[in-house]
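Chemist:
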Amino acid sequence: MNDKIQLTKEGKQKLQQELTDLIDNRRPEIIKQLKEAREQGDLSENADYDAAKQKQAEIEARIGEIKKQLDNVEIISTVSTKHVSIGNLVTIENLSTKKTHKYEIVGQVESNPYANKISNISPLAKAIIGKEVGEIAEVRDIADPYRIKIINIE
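For the sequence shown, this note's numbering begins at 35 and goes up steadily by one.
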């Protein structure tokens with residue numbers, strides 16, 4: 035994995051916190067569950083043991099994934115309010131519906147559409163990155179393309 039993972043400082047901190055929680059809390063908890071399940075005897079028909087082994091595999095996979103991401107992180111630091119870029123909070127108006135929306139442009143790992151954090155590789159972000167307030171962009175590479183206007187960049 036040579037591609038840099040773009041994150042805000044907050045995004046990196048959240049990943050580090052998750053890693054710490056997995057290593058310091060969740061891993062020891064699952065090891066305890068495995069020990070207790072082993073003490074129940076025959077492991078071949080022990081559902082608790084099987085479930086704990088599955089959970090352990092998931093935890094270890096997530097630890098590995100986070101470590102790889104943190105090893106390749108690039109912190110988004112220079113945020114311009116002149117042109118839309120990763121790290122900006124952008125207010126846009128959908129020219130078809132006349133509704134306004136506010137989105138934070140973040141790296142792919144941090145994206146969370148439910149929290150209005152959109153990935154820099156999403157069709158909307160691709161359409162507005164580099165644009166200035168007042169400019170109009172067309173969101174493409176989707177089933178129903180639409181036009182938006184940049185209202186504000188923070």
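C-beta: ideal position from N, C-alpha, C; glycine also. As the structure is a computational prediction, the values presented were derived from the model and not from experiment.
Per DSSP, which residues does Val124 bridge with? Please list them.
Modeler: The residue labelled residue 124 in the question sits at position 90 within the sequence shown. DSSP lists Tyr137, Ile187 as partners of Val124.
Chemist: Counting Cβ pairs closer than 8 Å, one from the region 93–109 and one from the region 152–168, do we hit at least three?
Modeler: With a cut-off of 8 Å, the region 152–168 and the region 93–109 do not count as touching, because too few Cβ pairs lie within range.
Chemist: Rounded to a whole number of angstroms, what is the C-alpha to C-alpha distance between Arg174 and Ala161?
Modeler: Numbered from 1 along the sequence shown, position 140 holds the residue referred to as residue 174. Numbered from 1 along the sequence shown, position 127 holds the residue referred to as residue 161. Each residue's Cα considered, the two are about 7 Å apart.
Chemist: Let me check understanding here. Comparing Cα to Cα, which of Ala171, Gly75, Pro147 lies closest to Ile184?
Modeler: As a first step, residue 184 is located in the sequence shown; it is residue number 150 there, counting from the start. When only C-alpha atoms are compared, the closest one is Ala171.
Chemist: Does the pairing of the region 41–55 with the region 102–111 give three or more beta-carbon distances under 8 Å?
Modeler: Contact holds: three or more Cβ-Cβ distances are below 8 Å.
Chemist: How would you call Asn146, buried or exposed, if buried means at least 16 neighbouring beta carbons within 10 angstroms?
Modeler: What you label residue 146 is simply residue 112 of the sequence shown in a count that begins at 1. Looking at its Cβ environment, which holds fewer than 16 other Cβ atoms inside 10 Å, Asn146 is exposed.
Chemist: Does Ala81 pass the burial test, meaning 16 or more other C-beta atoms within 10 Å, or should it be called exposed?
Modeler: Looking up residue 81 in the sequence shown gives position 47. Flag for Ala81 reads exposed.
Chemist: Taking His117 as the reference, which of Thr54, Val167, Lys101, Tyr83 has the closest Cα?
Modeler: Counted from its first residue, the sequence shown places residue 117 at position 83. Ranking Thr54, Val167, Lys101, Tyr83 by Cα distance to His117 puts Val167 first.
Chemist: Check the DSSP bridge columns for Asn154 and list the partner residues they point to.
Modeler: Taking the sequence shown and counting its residues from 1, one reaches residue 154 at position 120. Looking at the DSSP assignment, Asn154 forms no beta bridge with any residue, so it has no partner.
Chemist: Can you tell me the Cα-Cα spacing of Ile65 and Gly75, whole angstroms?
Modeler: Position 31 of the sequence shown holds residue 65. Position 41 of the sequence shown holds residue 75. About 16 Å.
Chemist: When the Cα of Leu49 is compared with those of Lys102, Asn150, Arg181, which residue comes out closest?
Modeler: Here residue 49 refers to the residue found at position 15 of the sequence shown. Of the candidates Lys102, Asn150, Arg181, the one whose C-alpha sits nearest the C-alpha of Leu49 is Lys102.
Chemist: So what's Asn146 in DSSP terms, helix, strand or just coil?
Modeler: Residue mapping note: residue 146 aligns to position 112 of the sequence shown, counting from 1. Asn146 falls in the strand class under three-state DSSP.
Chemist: Report the option in Lys165, Gly141, Ile187 whose CA atom is closest to the CA atom of Asn106.
Modeler: Start at 1 with the first residue of the sequence shown, and residue 106 comes out as number 72. Ranking the options by Cα distance to Asn106, first place goes to Gly141.
Chemist: Identify, in the order they occur along the chain, each residue of the same chain with its Cβ nearer than 8 Å to the Cβ of Asn122, setting aside the five sequence neighbours on each side.
Modeler: Locating residue 122 in the sequence shown gives position 88, counting from the first residue. These residues qualify, in order along the chain: Val113, Ser114, Thr115, Glu138, Ile139, Ile187, Glu188.
Chemist: Helix, strand or coil for Ile110 per DSSP?
Modeler: For this step, residue 110 is matched to residue 76 along the sequence shown. Coil at Ile110, not helix or strand.
Chemist: What's the gap between the Cα of Met35 and the Cα of Glu63?
Modeler: As a first step, residue 35 is located in the sequence shown; it is residue number 1 there, counting from the start. As a first step, residue 63 is located in the sequence shown; it is residue number 29 there, counting from the start. Note on Met35: pLDDT 41, under 50, position unreliable in the model; the coordinate value appears next. Rounded to the nearest angstrom, the two C-alpha atoms are 30 Å apart.
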